[in-house]
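Enquirer: In our numbering, the protein residues as written are 5 to 131.
Positions of the beta carbon are idealized from the N, C-alpha and C atoms, including for glycine.
Input: one structure, supplied below.
See the structure below:
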């Protein structure tokens, strides 16, 4: 399956803009952007993403809470999720993977190489 639709849940408007530029303009993906967990949870069913990127630190609902809510919905039980975080200590990264994320991208990330990184993660999941 070719990765085409990515949902990004990120509260920082500057990072949302960078994600959109990186993934849609450089990577050629269809990108849906959400500013918080509740908005994403309300709309993701309509957008049918093939991969979901979640910021860890968001007001209201953090990434772990959004992931837990997603996994309660049958249509998202197996959708790959990648966390985005500035907290890069190994015990935190391990905890994110243990919680059900397929991978973690550490901020700041390089917008020029992000699409390639996502394709590599996707290939690893497929293969």
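(1) Provide the residue(s) that pair with residue 57 in DSSP beta bridges, ordered along the chain.
(2) For residue 50, which three-state DSSP category applies?
(3) May I have the straight-line CA-CA distance separating residue 12 from residue 49, to the nearest angstrom?
(4) Is the distance from the Cβ of residue 71 to the Cβ of residue 85 below 7 angstroms?
(5) Could you check where the alpha helix (DSSP H) with residue 102 kicks off and where it finishes?
(6) Beta strand (DSSP E) containing residue 37: first to last residue?
(7) Taking the continuous beta strand (DSSP E) assigned at residue 136, which residues delimit it?
(8) Can you list, in chain order, the residues of its chain whose CB lies under 8 angstroms from that of residue 119, leaving out five sequence neighbours each side?
Expert: Let me spell this out:
(1) Taking the first residue of the chain shown as 1, we reach residue 57 at position 53. 12 and 86, per the DSSP bridge assignment.
(2) By one-based count along the chain shown, residue 50 stands at place 46. Of the three classes helix, strand and coil, the one that applies to residue 50 here is helix, per DSSP.
(3) Here residue 12 refers to the residue found at position 8 of the chain shown. Here residue 49 refers to the residue found at position 45 of the chain shown. Distance between the alpha carbons of residue 12 and residue 49: 14 angstroms.
(4) Taking the first residue of the chain shown as position 1, residue 71 is located at position 67. Taking the first residue of the chain shown as position 1, residue 85 is located at position 81. Going by C-beta atoms, residue 71 is nearer than 7 angstroms to residue 85.
(5) Here residue 102 refers to the residue found at position 98 of the chain shown. Per DSSP, residue 102 belongs to the alpha helix (DSSP H) from 94-102.
(6) Here the question's residue 37 lines up with position 33 in the chain shown. Residue 37 -> beta strand (DSSP E) spans 34-38.
(7) A query on residue 136 cannot be resolved here, the shown segment of the chain reaching from 5 to 131 and no further.
(8) Against the chain shown, residue 119 aligns to sequence position 115. Once the five neighbours on either side are set aside, the close Cβ partners of residue 119 are 26, 27, 30, 31, 32 and 33.
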